[in-house]
Amino acid sequence: MVTSPLQFTPLLKRIRWGGRRLGTRLGKPLGPESDYAESWELVDHGADQSRVCSGPWAGRTLNELVREEGTPLLGAQARLEQFPLLVKFLDANDRLSVQVHPNDQQAAAAIPGERGKTEAWIILEAEPQACVFAGLKPGIDRAALARAVAQGTVEECLHRLSVQPGDCIFIPAGTVHALGEGVLLAEVQQSSDITYRLHDWNRVGPDGRPRPLHIEASLACTDFARGPVRPQVPQELPPWGPIARERLVAADYFTLDRLRGTGTAPLPAAPHCRIWIVVAGEIRWGTGAGERAGLGSTLLWPAATRPVDLDWSPGSVVIEATWP
Ligand SMILES: [Zn+2]
């Protein structure tokens, strides 16, 4: 029975907009290339499967654990057949295309059994001029956006916001968005991989041609009522002893809390599993070599986790993801 936290081997994805910071800042094991874009930390999506990296469950995939250890792992949510969330780190060294994701109904209509994609970003590092694009400017309707796509002026329709470390940006399905260059972030999302590309900044690929766009699908999925997206305003929660807590996102698909503090505190019991993304400092739950998680680590606490005292190194910060 799974009663202690699980850590998984990251799945690294190379895409032309990536860089080296997944290695230099977050300690991921990179090869020599300079285009490491995403580290998939926790995934149960088709052939993309996280595998436990150490301890008695080493080598098991997340989907095997969901199916075979449902009650100890997921508690009250044991009936699931697939882990519903996907956690990634992203290094946007170059600007990403302007894109939009479908909601559950639109995704299932396009690919049976697929989910929509609501996502949230927690900014870890941002260069001084770094920005993201999230949502449309007020008054941009379907006709205006379609006209801008045809004229190559989509940027004028997008809400641009500068970002700082610690900002949390919530992107429900249907929100037009793009990551700007110079941002390192953690992303929590529904377990889905459907992206419609609306605009690619009039760039061409290595073969000298523009990359394919999905303009009709993008316009069909866009929520034109969404408007400009602002960073989430954290709401204070009751602390766990020396550990301060605040809620960043409370949405249909996931809840994100930020925990920060220094010192020793028991992990409160919970009737469900918890994902922890360590974004500063280090957490220890024993003296063994594997009983620690530092910056850039992602942990899965099973619902059946035995009582444990946690030692938070000075200035530790954790993003906790759960789902309702
Ligand atoms: Zn996205």
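Residue 103 is where the sequence shown starts when you use our numbering, and the numbers rise one by one after that.
Don't be surprised by glycine CBs; every beta carbon is placed ideally from N, CA and C.
(request) Quick one: which unbroken alpha helix (DSSP H) runs of 4-plus residues sit fully inside the segment 122-171? Chain order, please. (result) With a minimum length of 4 residues, the continuous alpha helix (DSSP H) runs that stay inside the segment 122-171 are 123-126 and 164-170.
(message) Taking 8 Å as the threshold (C-beta atoms), are residue 239 and residue 263 in contact?
(response) It is not a contact, given that the beta carbons lie outside the stated cut-off.
(message) Per the DSSP calculation, residue 236 is bridged to which residue(s)?
(response) Answer by DSSP bridge pairing, in chain order: 279.
(message) Classify residue 371: buried if its beta carbon has 16 or more other beta carbons within 10 angstroms, exposed otherwise.
(response) In this structure residue 371 is exposed. Its beta-carbon is surrounded by fewer than 16 other beta-carbon atoms within 10 angstroms.
(message) For the beta strand (DSSP E) containing residue 228, name the first residue and the last one.
(response) Per DSSP, residue 228 belongs to the beta strand (DSSP E) from 221-228.
(message) Measuring straight from C-alpha to C-alpha, what distance separates residue 153 and residue 174?
(response) Residue 153 and residue 174 have their C-alpha atoms some 18 Å from each other.
(request) Give me whichever residues DSSP pairs with residue 349 in a beta bridge. (result) Its beta-bridge partners are 337 and 359.
(request) List the DSSP bridge partners of residue 114. (result) Its beta-bridge partners are 141.
(message) Looking at residue 333: is its Cβ nearer than 8 Å to the Cβ of residue 348?
(response) Going by C-beta atoms, residue 333 is not nearer than 8 Å to residue 348.
(request) Leaving out five residues on either side along the sequence, give the residues of the same chain with a beta carbon under 8 Å from the beta carbon of residue 144. (result) Within the same chain, residue 144 has close Cβ partners 110, 152, 164, 185, 187, 188, 189, 377, 400 and 402.
(message) Going by DSSP in three states, residue 173 sits in which element: helix, strand or coil?
(response) Residue 173: helix per DSSP, three-state reduction.
(request) Compute the distance between the beta-carbons of residue 353 and residue 176, then report whether it is under 8 Å. (result) No, the Cβ-Cβ distance between residue 353 and residue 176 is not below 8 Å.
(request) Would you list the residues whose beta-carbon is nearer than 7 Å to any heavy atom of ligand 1, in the order they occur in the chain? (result) In chain order, the hits are 201, 203, 219, 221, 273, 279 and 297.
(request) Over the uninterrupted alpha helix (DSSP H) stretch that includes residue 375, give me the two end residues. (result) Counting along the chain, residue 375 falls outside any alpha helix (DSSP H), and DSSP gives it neither H nor E.
(message) Three or more C-beta pairs under 8 Å: does that hold for the segment 350-366 against the segment 236-255?
(response) Taking a contact to require three or more Cβ pairs closer than 8 Å, the segment 350-366 and the segment 236-255 do not qualify as touching.
(message) Considering only the alpha carbon of each residue, which of 224, 125 and 208 lies closest to residue 266?
(response) With respect to the C-alpha of residue 266, the residue from 224, 125 and 208 having the closest C-alpha is 224.
(request) Select from 270, 279 and 181 the residue whose C-alpha is nearest the C-alpha of residue 198. (result) Here the closest residue by C-alpha is 279.
(request) Please name the residue, chosen from 214, 274 and 420, that lies closest to residue 329 on a Cα-to-Cα basis. (result) Distance from the Cα of residue 329 is smallest, within the candidate group 214, 274 and 420, for 274.
(request) Can you have a look at residue 306 and say buried or exposed, based on whether 16 or more other CB atoms are within 10 angstroms of its CB? (result) Exposed is the call here.
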